[in-house]
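Engineer:
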Amino acid sequence: ITIPQVGIYQYVTSNPNKIPDDKDIYVDGITGRSYTFGEFKHESKKFAAGLQDKLGFKLTTTNPKYIVTELSYQLIDSGASVLIVHPELLEIAIEASIDAKIPTSRVMLFGDKEIKGYKPYRSILIGDREIEPIYYTPEEAKSTTAYLCYSSGTTGKQKCIELTHTNINVHLAQLIIAGCKLGPHSIIMGTTQFCHGYALKVILHGALIHGATAIIHSSFNVKTFGESIQKFKINYIYAVPPTILKLVNDPLVQQFDLSSVDMIISATAPLSDKLKRKFYEMFKIPIFQVY
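Per the numbering used here, the very first residue in the sequence shown carries number 5; after that it's consecutive.
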């Protein structure tokens, strides 16, 4: 494996498959709203311009199922100074931000609507100005933290895991040689939350480096899962063992045409041979297990 010796942005926008800027990269599975490869690059640079006083900032992703105490712990532990949250989680975010002493002006919303005085991040941070991302040397890419992901672990409070630019890039490079044959023709979908390193890497970053189209959902349920496969003709699905078990046990799955799916990639926990065989017997879809 050749280890990319650059920052994440430089690697995921290196475009090895020569996709055009108008290629859809992210598509909302419910609304159909999409972001193209070109829009991703422009929006990223605008967002960086809005955060210029914190250029090179680190990002921590949070679990949308957290209660106030769990979220406030992560905000304090990570040293977060800005919180951008989905409107459905605003009440929890308000309480947690007070505990973490994050000013109201630094609590912002995804979406386009102002709620209770809290503004959409786009209205505050996104303008017309763009700036070029930082270019890292190989040594800087190895040592510079890009993400602070939190794992539940086995006991006690959630644990912070620092991921550098090279950590992310190496994982993406592994996917390229893993034999999954992902490329611009691929339509991919995940069933896990982006706060987890697995989905963060293989869906959000993986779609970019492969030039694939990722179908995005805010949460998982069997109905939208099946409908999206039929509507978008999804080829590759990233899942975890509990989701695969749910698909085996829920009769609703049988109502959908899953014939477009070439493979399911399972990770984060061991998948039993028994469950893997059962799934294949029912749906004739192979499962590739990642460690």
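Every residue, glycine too, gets a C-beta built ideally from N, C-alpha and C. As the structure is a computational prediction, the values presented were derived from the model and not from experiment.
Just how far apart, CA to CA, sit P20 and Q178?
Structural biologist: Those two C-alpha atoms are separated by around 15 Å.
Engineer: Following the continuous alpha helix (DSSP H) through I238, name the residue where it begins and the one where it ends.
Structural biologist: Element bounds for I238: n/a, residue is neither H nor E.
Engineer: Where does the unbroken alpha helix (DSSP H) through V252 begin, and where does it stop?
Structural biologist: First-last of the alpha helix (DSSP H) with V252: 245-253.
Engineer: Taking the straight line between their C-alpha atoms, what separation do you get for P245 and P274?
Structural biologist: Taking the straight line joining both Cα atoms gives about 7 Å.
Engineer: DSSP three-state label for F260, please.
Structural biologist: Here F260 sits in coil by DSSP.
Engineer: Comparing C-alpha positions only, which one of T66, V89, V86 sits nearest to Q78?
Structural biologist: With distances taken between Cα atoms, Q78 lies closest to T66.
Engineer: Let me make sure I understand the geometry here. Which of Q234, L279, L176, Y15 has the alpha-carbon closest to that of K45?
Structural biologist: With distances taken between Cα atoms, K45 lies closest to Y15.
Engineer: What is the DSSP secondary structure of A4, counted as helix, strand or coil?
Structural biologist: Lying before the first or after the last residue shown, residue 4 is absent from the chain, which here runs from 5 to 295.
Engineer: Grouping DSSP H, G and I as helix and E and B as strand, with all else coil, what is L186?
Structural biologist: In the structure shown, L186 sits in coil (DSSP, three-state: anything other than H, G, I, E or B).
Engineer: What's the C-alpha gap between I106 and C153?
Structural biologist: The straight-line gap from Cα to Cα measures roughly 19 Å.
Engineer: I268 and N233 - do their beta-carbons sit closer together than 8 Å?
Structural biologist: It is Ile, not Asn, that sits at residue 233 in the sequence shown. Cβ distance not < 8 Å, so I233 and I268 don't count as in contact.
Engineer: Is the beta carbon of I192 closer than 8 Å to that of I238?
Structural biologist: Yes, the pair counts as a contact, with Cβ atoms nearer than the cut-off.
Engineer: Note the first and the last residue of the continuous beta strand (DSSP E) segment covering D116.
Structural biologist: Careful: D116 lies outside any beta strand (DSSP E) and carries neither H nor E.
Engineer: Put P91 into one of helix, strand or coil per three-state DSSP.
Structural biologist: Here P91 sits in helix by DSSP.
Engineer: Have a look at E134 and R281 and give me their C-alpha separation to the nearest angstrom.
Structural biologist: E134 and R281: Cα-Cα distance of roughly 50 Å.
Engineer: Can you tell me which of the three DSSP states K58 falls into?
Structural biologist: Here K58 scores only 46 on pLDDT, less than 50, and its place in the model is too uncertain to base an answer on.
Engineer: Taking the alpha carbon of G201 as the reference point, which residue from D103, L262, A271, A104 has its own alpha carbon closest?
Structural biologist: Among D103, L262, A271, A104, the Cα nearest to that of G201 belongs to A271.
Engineer: Taking Cβ to Cβ, would you say F51 is nearer than 8 Å to V89?
Structural biologist: Contact flag unset, no.
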